[in-house]
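Trainee: Let me begin by handing over the structure; questions about it come next.
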Amino acid sequence: MTDLLALAFSSFVIIMPAFIANSVPVLARGRHPMDLGKKMGDGRRVLGDGKTFEGFLAGLFMGTLAGALFGYPIHSFLLALGALTGDILGAFIKRRIGIERGHPAPILDQLDFVAGALLFLYPVYPVSLDQVVFIVAVTPPIHLLTNYIAYRLGLKKYPW
Ligand code: CTP
Ligand code: MG
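For the sequence shown, the working numbering begins at 502 and goes up steadily by one.
Below you can see the structure in the form of structure tokens.
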């Protein structure tokens, strides 16, 4: 039991800046899309209006700040940058397979940012396999719950 608690605590500390980097953009109400409104050869937007410069910068700043307050500014910067990059890659993949901005892509929506965060962190801090498994297991339900709350608060158009 104490082992599980220690695993939960260490995993939470690791992934917290990524969670913050991924949730803050929705509050930023950005208006400047990172793809500059451009479309690809398939006729769809490169990323869509859901990825904005304002959201990216707000997420990067707040995610980094959160980890900095707990004493790991470099790690949290990498986690936040990785989370935002993973989310952008997720949006790019969604557009290429024809899923509109804001429409659901199960698993991809819940884990793109976690995968990005852990990959960016890995070179300087190799997260253990049990921590990765724990994070991947608890993130989807937490992500679904926080998105549902954001939807009920009128921050998001869809509850996922
Ligand atoms: N957001 C932003 N800039 C980012 C990431 C997110 O402005 N770099 C904001 C957008 O308002 C976005 C919201 O945060 O709608 C929630 O993010 P997410 O759920 O990832 O975007 P979706 O609207 O679902 O769009 P997509 O289908 O492209 O993932
Ligand atoms: Mg997303």
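Where a beta carbon is used, it is the ideal one built from N, C-alpha and C, also for glycine.
Please confirm if the segment 565-583 is in contact with the segment 510-523, defined as three or more CB-CB distances below 8 Å between the two stretches.
Mentor: yes
Trainee: Counting only the same chain and skipping the five closest in sequence on each side, list residues whose C-beta sits under 7 Å from that of T449.
Mentor: Here the chain comprises residues numbered 502 to 661, so residue 449 is not present and cannot be evaluated.
Trainee: Here's a check: name, in chain order, each residue in its chain whose Cβ is nearer than 7 Å to the Cβ of A567, leaving out the five neighbours to either side.
Mentor: M517, P518, I521, S577
Trainee: Report all residues from its chain with a CB closer than 7 Å to the CB of L561; omit the five preceding and five following residues, and keep chain order.
Mentor: A522, A581, L582, L585
Trainee: Does the contact criterion of 3 or more C-beta pairs under 8 Å hold for the segment 530-538 versus the segment 549-563?
Mentor: The count of Cβ pairs closer than 8 Å, one atom from the segment 530-538 and one from the segment 549-563, reaches three, so the stretches are in contact.
Trainee: Going residue by residue through the segment 514-581, where are the continuous alpha helix (DSSP H) segments of at least 4 residues, counting only ones entirely within it?
Mentor: 526-529, 554-570
Trainee: V639 and R511 - do their beta-carbons sit closer together than 9 Å?
Mentor: The question names Arg, yet the displayed sequence has Ser at residue 511. Cβ distance not < 9 Å, so S511 and V639 don't count as in contact.
Trainee: Mind checking which residues open and close the alpha helix (DSSP H) that includes P641?
Mentor: 630-653
Trainee: When burial is assigned at 16 or more other CB atoms within 10 Å of the CB, is A616 buried or exposed?
Mentor: buried
Trainee: Just to confirm, is the Cβ distance from F621 to D588 under 9 Å?
Mentor: no
Trainee: Specify, as a first and last residue, the run of the alpha helix (DSSP H) that G617 falls within.
Mentor: Element bounds for G617: 609-622.
Trainee: Put I589 into one of helix, strand or coil per three-state DSSP.
Mentor: The three-state secondary structure of I589, taken from DSSP, is helix.
Trainee: I believe Y652 touches P642 by the beta-carbon criterion, under 8 Å. Please report the beta-carbon distance rounded to the nearest angstrom.
Mentor: Not a contact, Cβ separation roughly 16 Å.
Trainee: Since I believe L548 is in contact with A592 (beta carbons under 8 Å), could you give me their beta-carbon distance rounded to a whole number of angstroms?
Mentor: 5 Å
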